[in-house]
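**Student:**
Residue numbers (our numbering), protein chains in the order written: chain C, 16 to 346; chain A, 16 to 346.
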């Protein structure tokens, strides 16, 4: 697979520089280009910081801006940002109200964000809370091991916590709110084609011409089963059934339905999947109160989709609707 | 290439239904689902209608909304909408101020929009003007034949004319303005992988592992040359040089720089290309006054990019900046 890049080693940084150049009205680099931050911070507001490996664009930099994130730390492709990057972001965006870290549940990310938080707290000048996002129901819950991964639902957490922070919610309240959104959010994905990592330009796994990978993550990890490709209605029913089962029951419940593209799937197919998912869920008594369709949380050029459902209450709906001004979400 | 669809025959319509379901606050179907229109028209405003084959999503439906299009007519994949669809859109969105048609320069589109316009005018109740967009400099200008194709620059015309119409500009003025934007706009694209048409699930042309197609259109047409893939800087320089040559000179001129993804190229690569294009143009004395980066005018799942440059003056800049509320462009 060919890519538009000068070299695999510089792809992530070159892309970040282009991003900052394109959205200079909203974002800027932090000192020494260690992270991307809002150009204008809101004094007295809790700072919200997220981050992770490159290769998931527009997550997280595309969600830096008023009403969502204050800073995003990006590592190399599929590689956690360093504690040093995260610490710099904490120090430079804390306006005294403390910092909320939103971290996807991967060992490397959790470890590095934790290390940065400890260093910041040890200095005695920062208060920090952390939300671990683990919305991927393709991975079974278990007492041991890392548990469920953080995938597309991460941006739902970022949007809702971001709106509450913008409205002045204190750190402790944001921690409770973020955990509540994680608990109310389930995601599952399916891929028709694996991810091509720039260093190798080979796919991380190869699917036959009639195969799909069900329960795919966002790093080219294999999913929970490899099935024959079926029509879109069957794929959507398979995923939505897993999600409904995991919730227990959503009958009569209002939800946000979010259909996400994994990087190489055209928007036309995402809308098609959305229409089918909406119909399936409505047939099962779920109320689609809010919608989001787009390519937001990706795995490089993977052809695939994920479906995320967040159970809404009045407060979450209100926070979802609050204005947001980022490169990738804007209303 | 696998796709998320129930059948090739229903892909376009299924996708449209999902689109309308996802954006019911902005759009709705016209009568008999012949086209997609703004849910709330602005009385007394010139109606702006565009359209074309499916497979270019989010164009055109994603640009229906306040400050841009009033209606979009979509055909089957890479197939013009019928005069019947276009006529319905004209009749149902004309509030008395007339209708501006924005048409990409392809024989089928031009013919069907023209036929619809003639039928509408013959009825004696509609005033119509048409803008033909032909921004693709990969095709040589010539006295005979169809001439240059309409590609990504189309949405620049739609945005600027849409803002002027929203502000109350009369039909004759919009015709002059639209033609002026077309004249000020140049686009060129390059593909790393051809388009997979759903009916065949085969690529329209096959590129070797080290080949790229330069001057690609948005229907899987071959480009003007097949070259060895080079690094991104060289690709960007090649395209930008063609664009600058075609303009003659842009030294000291303010422009809109628009990097567009053709469907299968990740946003990270688009930002990388944007950063390089911006630097190249600035080195050549061009002033990047406005920017747009994203997957807006596509060719199904083609891996590729196009670069569009529109020369701006004070009025065009102001109209570009005016608020827009569509599914795919919003500020």
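Glycine included, each C-beta is placed from N, C-alpha and C at the ideal position.
1. Report the neighbours of residue 73/C on chain A: residues whose CB is nearer than 8 Å to its CB, in chain order.
2. Please list the segments of the alpha helix (DSSP H) lying wholly inside the region 281-346 of chain C, counting only runs of 4 or more residues, in order along the chain.
3. Should the region 115-124 of chain A be called in touch with the region 200-218 of chain A, which here means at least 3 C-beta pairs below 8 Å?
4. If you compare alpha carbons, which of 253/C, 176/C and 128/C is closest to residue 288/C?
5. Rounded C-beta distance between residue 89/A and residue 27/A? I'm assuming under 8 Å.
6. Using C-beta distances below 8 Å, list every residue in its chain close to residue 184/C, excluding the 5 sequence neighbours before and after it, in chain order.
7. Can you give the Cα-Cα distance for residue 4/C and residue 108/A, rounded to whole angstroms?
8. Taking 8 Å as the CB-CB limit, is residue 79/A close to chain C?
9. Pull up the CB-CB distance for residue 149/A and residue 140/A, whole angstroms please, since I reckon it's below 8 Å.
10. What residues in the region 274-306 of chain A have a beta carbon less than 9 Å from any beta carbon of chain C?
11. Alpha carbon to alpha carbon, how far is residue 229/A from residue 49/A?
12. Under 6 Å Cβ to Cβ from residue 123/A, same chain only, skipping five residues before and after it: list those, please.
13. Give a yes or no on whether 8 Å exceeds the smallest Cβ distance from residue 64/C to chain A.
14. Can you tell me which of the three DSSP states residue 144/A falls into?
15. Which chain A residues are close to residue 10/C, counting only those with a beta carbon under 8 Å from its beta carbon?
16. In chain order, what are the residue ranges of uninterrupted alpha helix (DSSP H) at least 4 long that sit wholly in the region 94-152 of chain A?
17. In whole angstroms, what is the alpha-carbon distance linking residue 186/A and residue 274/C?
18. One question on the structure: do residue 334/C and residue 179/C come within less than 8 Å of each other, judged by their Cβ atoms?
19. Could you give the C-beta distance for residue 78/C and residue 343/C, rounded to a whole number, given that I count them as a contact under 8 Å?
20. List the residues of chain A whose Cβ lies closer than 9 Å to the Cβ of residue 313/C, in chain order.
21. With distances taken between CB atoms, is the gap from residue 152/A to residue 74/A smaller than 8 Å?
22. With C-beta atoms as the reference, is residue 209/A less than 8 Å away from residue 83/A?
23. Between 297/C, 239/C, 20/C and 226/C, which lies nearest to residue 245/C when the distance is taken from Cα to Cα?
24. Are the C-beta atoms of residue 202/C and some chain A residue less than 8 Å apart?
25. Please decide whether residue 322/A counts as near chain C, where near means a Cβ-Cβ distance under 8 Å.
26. Using a C-beta to C-beta distance shorter than 9 Å, which residues of chain A count as neighbours of residue 345/C?
27. Taking the beta carbon of residue 243/C as the centre, do at least 16 other beta carbons fall within 10 Å, making it buried, or is it exposed?
28. Helix, strand or coil, according to DSSP, for residue 11/C in the structure here?
29. Could you round the C-beta distance between residue 290/A and residue 33/C to whole angstroms and report it? I think they count as a contact, below 8 Å.
30. Just the Cα atoms here: how many angstroms apart are residue 177/A and residue 239/C?
31. Taking residue 314/A as the reference, give the member of 325/A, 277/A and 303/A with the closest Cα.
32. What residue does the beta strand (DSSP E) around residue 76/C start on, and which one ends it?
33. Run through the DSSP bridge pairs and tell me what residue 88/C is partnered with.
34. Give me the chain C residues within the contact set of residue 20/A, using Cβ-Cβ distance strictly less than 8 Å, ordered along the chain.
35. Pick out the complete beta strand (DSSP E) segments inside the region 30-56 of chain A, 3 residues or longer, and give them in chain order.
36. With DSSP as the reference, label residue 262/C as helix, strand or coil.
**Tutor:** According to the structure shown:
1. Correct list: 282.
2. 282-298 and 329-336, all fully within the region 281-346 of chain C.
3. Counting Cβ pairs under 8 Å, fewer than three are found: no touch.
4. It is 253/C.
5. Indeed, because the Cβ distance is near 7 Å, the residues count as touching under 8 Å.
6. Correct list, in chain order: 61 and 192.
7. The question about residue 4/C has no answer here: the residues shown for chain C are numbered 16 through 346.
8. Contact with chain C is absent for residue 79/A, since none of that chain's Cβ atoms lies less than 8 Å from the residue's Cβ.
9. No, residue 149/A and residue 140/A are not in contact; Cβ-Cβ is about 30 Å, not under 8 Å.
10. Residues passing the 9 Å Cβ filter: 274, 278, 279, 280, 281, 282, 283, 284, 285, 286, 287, 288, 289, 290, 291, 292, 293, 294, 303 and 306.
11. CA-to-CA, the gap between residue 229/A and residue 49/A works out to about 36 Å.
12. The residues are 95.
13. Look at residue 64/C: its C-beta is not under 8 Å from any C-beta on chain A.
14. Reduced to three states, the DSSP call for residue 144/A is strand.
15. With chain C covering 16 to 346 only, the question about residue 10/C has no answer from this structure.
16. Listed in chain order, they are 98-108 and 122-137.
17. Going by the C-alpha atoms only, they are around 39 Å apart.
18. It is a contact, given that the beta carbons lie within the stated cut-off.
19. So it is a contact: roughly 6 Å between Cβ atoms.
20. In chain order, 281, 282 and 283 make up the part of chain A whose C-beta sits under 9 Å from the C-beta of residue 313/C.
21. Contact flag unset, no.
22. Pairing residue 209/A with residue 83/A gives a Cβ-Cβ distance that is not under 8 Å.
23. For residue 245/C, the nearest C-alpha among the options comes from 226/C.
24. False, the Cβ-Cβ gap to chain A never drops below 8 Å.
25. Chain C, which has no Cβ nearer than 8 Å to the Cβ of residue 322/A, makes this no.
26. Per Cβ cutoff of 9 Å: 345 and 346.
27. With fewer than 16 Cβ atoms within 10 Å of its Cβ, residue 243/C is classed as exposed.
28. Outside the modelled stretch of chain C, which goes from 16 to 346, sits residue 11/C, for which no answer is possible.
29. Contact between residue 290/A and residue 33/C holds, with the beta-carbon distance rounding to 3 Å and staying under 8 Å.
30. The alpha-carbon atoms of residue 177/A and residue 239/C are separated by roughly 48 Å.
31. Looking at the Cα atoms, 277/A is the closest of the given residues.
32. Residue 76/C -> no beta strand (DSSP E), and no H or E assigned at all.
33. Paired residues: 66/C.
34. Residues of chain C whose Cβ lies closer than 8 Å to the Cβ of residue 20/A are, in chain order, 246, 247, 284 and 287.
35. Runs found: 42-44 and 51-53.
36. Helix at residue 262/C.
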